[in-house]
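Chemist: Here it is, the structure, as structure tokens.
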């Protein structure tokens with residue numbers, strides 16, 4: 007389909023496509039499907055399953071930190087490798103920390119929020135029948151799945167999963183004798199990351215191409231929903247920032263197995279053994295990693311913000327505050343996000359002058375982010391609020407984004423970072439941002455588009471219970487961690503019992519563990535609601551939230567090819583709520599100017 | 693409007709709870725945060741770092757409080773409205789609000805950093821080490837800190853990784869080098885005189901480690917292949933813990949060292965004992 011030149015040619019083939027679709031067997035329709043909606047849902051389900059794994063790893067981490075050296079006999083029986091007598095080993099703890107981070111960042115949030123929602127929503131919201139390259143899209147999902155399986159497989163190899171942290175700094179990740187997980191576990195980690203990046207690059211390419219070339223007639227760039235804008239910017243940032251890590255991963259692989267010395271300097275002595283490497287630089291990896299790692303943060307967080315921006319008008323029944331400014335902020339953040347990676351390296355030994363540059367650049371990024379956040383709040387002004395589950399999670403996104411963003415002022419600043427670097431302040435901060443904003447954004451999106459995806463609605467009551475049981479413990483856990491960091495508690499510590507100055511943190515760690523386990527248990531409410539609603543949920547009409555964007559003008563779930571015989575024609579921006587001179591309090595984008603005046 | 697039949701009272705109660713949730717988040721957050729502070733300060737440049745952190749805590753805490761209360765209030769107000777009272781804001785107002793916010797943030801963030809933070813940073817890194825500074829070499833190793841003083845001649849003996857033997861010569865000192873003869877070594881214990889600048893030459897023989905002195909506000913990675921020098925002035929006597937803050941292997945959490953800040957006389961005695969012992 008990709009070689010079709012324009013929509014008109016496409017039109018004539020629609021009937022054929024629809025009929026062909028009916029003839030497709032189960033496998034081609036739901037498994038090796040090229041339909042963006044199926045692929046989106048495949049990504050979402052895969053990501054949610056990975057989230058379950060990531061959550062269980064976090065539970066084990068919190069068991070260890072809340073109750074250090076406690077003997078968990080039952081858990082020990084389930085995990086004879088890492089907790090043979092019920093007490094966790096330090097190397098297993100490091101594998102947990104590494105894999106929790108890797109899985110949550112790359113295999114949960116990236117899959118569900120970016121690839122999942124992106125694939126599902128972009129063609130529907132810009133008025134296209136599918137992605138620009140449907141086959142590439144299918145390939146992207148299947149590579150992603152292989153990548154996830156390789157990552158999970160690393161738990162079962164000798165030495166266990168990678169244990170060098172999700173940042174995998176060499177020499178720890180490059181020298182097999184450095185830590186047990188630095189054997190096959192680390193090799194699989196590198197291979198999985200390379201596959202992930204290849205898959206993500208294909209996906210991003212599709213996002214950009216689709217948004218550039220397949221928008222419906224009348225869908226000017228400045229009429230795109232902020233959700234699409236955020237995917238657009240995220241995809242461009244991803245395309246620019248991710249490939250360097252593929253190169254770095256290959257280099258690391260060569261250092262590990264083929265005797266090169268990209269990241270390994272002369273004179274390394276590990277386990278009383280002089281290594282033959284010479285001339286490499288561990289800092290090179292840090293630069294390459296954070297050149298991906300920091301933009302990755304924006305790749306993940308921007309879609310959550312875009313989704314939040316689009317849910318706000320639906321439940322306040324008014325346009326958002328400053329649509330254009332929000333778009334410019336997204337662009338500014340995307341651009342600045344590419345040049346601030348060094349704020350992860352203030353104490354790494356790079357030049358202090360670079361530290362000054364990265365401080366100033368990072369402080370600059372606070373300006374568009376502040377404007378963006380406050381504009382989201384200002385969108386509530388003068389509106390008429392409907393408290394629904396997606397709206398609750400959206401409000402949570404605003405609160406966490408504000409709180410996390412303010413914490414960023416501490417860490418983006420070299421002087422304050424000298425004390426806070428690699429402490430729990432950092433852990434608290436990034437869990438608010440790429441953990442919390444994205445998690446709540448994911449939930450907001452799932453509750454909001456569930457009726458569109460599956461043709462049934464999720465339970466509002468259980469959804470609201472889920473919000474309260476998620477937001478309060480989540481905020482408690484990661485807010486408190488900021489202050490553990492202020493007290494000087496380093497991250498990636500198996501136990502804090504050795505240090506005199508950390509003795510008083512044990513009570514706080516216990517509270518955090520209890521809150522964290524509550525948070526995890528609360529997700530059962532979501533899982534139950536999700537599974538129950540899939541089968542038994544109230545049947546959803548085409549537009550249950552009475553929203554204006556294009557996906558709500560078609561059936562729930564939308565048919566193959568999305569828009570029936572004719573592609574939609576767009577006459578207005580996506581926020582036409584409470585329009586004077588219209589019969590309804592919402593006017594979909596396809597309503598012609600003859601029927602209702604056009605705002606933008 | 694179509695949704696007008698929802699009874700306002702029920703809607704208001706729920707929205708009130710949501711508004712209070714965010715309002716309380718702000719208030720409780722500030723109350724909780726105000727109770728916490730860093731480990732008690734013990735270095736000269738640390739005062740500048742503490743000033744930076746205090747400035748941030750106060751300004752950010754204020755914004756955090758105002759932001760959450762405003763969010764709560766906006767929710768409460770919007771939930772009580774029976775109709776839209778404000779649909780579109782003129783572009784000029786939107787730009788004005790954004791510009792004002794941008795300026796405010798630039799003032800708080802950039803202003804604070806430029807005025808308080810960067811001078812501390814450049815003083816810490818750009819200052820030439822004074823002549824009377826105590827020179828210490830610290831070499832990170834899984835999971836110990838190898839400490840070496842140059843001794844009376846003020847010069848470290850040469851090292852060669854080929855000579856390294858964890859038991860007898862952990863950093864590979866060339867014993868044949870005359871400068872090495874009076875080098876003083878110890879493991880995990882550093883002694884320095886109070887109120888005299890300390891020059892720490894950081895190295896690592898295996899992984900990236902990070903030399904963290906929480907009470908002295910010192911943190912610097914020790915990177916294999918690099919020698920990184922830092923200078924600080926301890927201002928308080930006592931024993932302060934050294935923690936490793938860069939993941940370096942399964943013993944990372946117990947890579948603990950001690951900095952003994954002692955009076956000048958005691959420092960000399962300690963040095964004599966160490967050199968006699970080795």
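Protein chains in written order, with the working numbering: chain A, 7 to 606; chain B, 693 to 970. Yeah, the Cβ is synthetic: ideal placement off N, Cα and C, and Gly gets one too.
1. How would you list, in chain order, the residues of chain A whose beta-carbon sits under 7 Å from the beta-carbon of residue 798(B)?
2. Quick test of your reading: residue 382(A) and residue 314(A), contact by CB under 8 Å. State the CB separation rounded to the nearest angstrom.
3. Closer than 9 Å, CB to CB, is residue 778(B) near chain A or not?
4. Just grab the DSSP bridge partners of residue 840(B) for me.
5. Near residue 368(A), what residues of its chain come up, given a Cβ to Cβ distance below 6 Å and the 5 sequence neighbours on each side ignored?
6. In chain order, what residues of the same chain have a beta carbon less than 6 Å from the beta carbon of residue 100(A), not counting five sequence neighbours either side?
7. Short of 9 Å Cβ to Cβ, which residues in the segment 812-838 of chain B face chain A?
8. Closer than 7 Å by C-beta to residue 497(A): which residues in its own chain qualify, once you throw out the five before and the five after it? Chain order, please.
9. Could you spell out the range, first to last residue, of the alpha helix (DSSP H) harbouring residue 866(B)?
10. Among 916(B), 965(B) and 937(B), which has the Cα closest to the Cα of residue 270(A)?
11. Under the rule that 16 or more other beta-carbon atoms within 10 Å means buried, what is residue 586(A), buried or exposed?
12. Using a cut-off of 8 Å between C-beta atoms, extract the partners of residue 938(B) located in chain A.
13. If you scan the segment 311-357 of chain A from start to end, which runs of the alpha helix (DSSP H) of 4 or more residues do you find wholly inside it?
14. Apply the 10 Å Cβ neighbour rule to residue 604(A) and answer buried if 16 or more other Cβ atoms are within range, or exposed otherwise.
15. Taking CB distances under 9 Å as the criterion, tell me whether residue 889(B) reaches chain A.
16. Taking only beta-carbon positions, decide if residue 909(B) is within less than 9 Å of chain A.
17. DSSP state of residue 537(A), grouped into three classes?
18. Determine whether the Cβ of residue 575(A) lies closer than 9 Å to any Cβ atom of chain B.
19. Is there contact between the segment 231-241 of chain A and the segment 205-219 of chain A, where contact requires at least three CB pairs shorter than 8 Å?
20. Assuming residue 132(A) and residue 56(A) are in contact, meaning their beta carbons sit under 8 Å apart, how far apart are those beta carbons, in whole angstroms?
21. Give me, in chain order, the residues of the same chain whose beta-carbon lies closer than 6 Å to that of residue 124(A); leave out the 5 immediate sequence neighbours on both sides.
22. Please name the residues in the segment 748-768 of chain B whose beta-carbon is closer than 7 Å to at least one beta-carbon of chain A, in chain order.
23. Just to check my reading of the structure: residue 461(A) and residue 135(A) have Cβ atoms closer than 8 Å, yes? What is that Cβ distance to the nearest angstrom?
24. DSSP puts residue 279(A) in a beta bridge; with which residues?
25. Cβ closer than 8 Å: which chain B residues qualify as neighbours of residue 192(A)?
26. Taking one C-beta from the segment 138-153 of chain A and one from the segment 83-95 of chain A each time, how about it: are there three or more such pairs within less than 8 Å?
27. For a minimum of 3 consecutive residues, which ranges assigned as the beta strand (DSSP E) are wholly contained in the segment 908-958 of chain B?
28. State buried or exposed for residue 37(A), treating a residue as buried only when at least 16 other CB atoms are found within 10 Å of its CB.
29. Buried or exposed: where does residue 592(A) fall if 16 or more other Cβ atoms within 10 Å of its Cβ makes it buried?
30. Tell me, to the nearest whole angstrom, how far the beta carbon of residue 572(A) is from that of residue 561(A); I am working on the premise that it is less than 8 Å.
31. Would you say residue 913(B) reaches chain A, if we count a Cβ-Cβ gap shorter than 9 Å as a contact?
32. State the Cα-Cα distance for the pair residue 912(B) and residue 130(A), rounded to the nearest angstrom.
33. Quick one: Cα of residue 759(B) to Cα of residue 412(A), how far?
34. Counting only beta-carbon separations shorter than 9 Å, does residue 926(B) have a partner in chain A?
35. By DSSP, does residue 139(A) sit in helix, in strand, or in coil?
36. Report the three-state DSSP secondary structure of residue 853(B) (helix, strand or coil).
Modeler: In short, the structure shows the following:
1. 373
2. 6 Å
3. yes
4. 829(B) and 877(B)
5. Contacts found: 346, 349 and 418.
6. Within the same chain, residue 100(A) has close Cβ partners 169.
7. 812, 813, 814, 816, 817, 818, 833 and 834
8. 428, 429, 430, 432 and 433
9. Careful: residue 866(B) lies outside any alpha helix (DSSP H) and carries neither H nor E.
10. 916(B)
11. exposed
12. Per Cβ cutoff of 8 Å: 175 and 428.
13. 329-343
14. exposed
15. For residue 889(B), the answer is no, since every Cβ of chain A falls outside 9 Å of its Cβ.
16. yes
17. helix
18. It does not; no Cβ of chain B falls within 9 Å.
19. The segment 231-241 of chain A is in contact with the segment 205-219 of chain A.
20. At roughly 28 Å, the Cβ-Cβ gap does not stay under 8 Å, so residue 132(A) and residue 56(A) are not in contact.
21. 213 and 237
22. 748, 752, 755, 756, 759, 760, 762, 763, 766 and 767
23. Contact doesn't hold; Cβ gap of about 19 Å is too wide.
24. 276(A)
25. Result: empty, since nearest Cβ-Cβ is about 13 Å, beyond 8 Å.
26. no
27. With a minimum length of 3 residues, the unbroken runs of beta strand (DSSP E) contained wholly in the segment 908-958 of chain B fall at 910-914, 920-924, 930-936 and 949-954.
28. exposed
29. buried
30. Actually they are not in contact, since the Cβ atoms of residue 572(A) and residue 561(A) sit about 15 Å apart, beyond 8 Å.
31. yes
32. 50 Å
33. Going from the Cα of residue 759(B) to the Cα of residue 412(A) covers about 10 Å.
34. no
35. coil
36. In the structure shown, residue 853(B) adopts helical secondary structure according to DSSP, grouped into three states.
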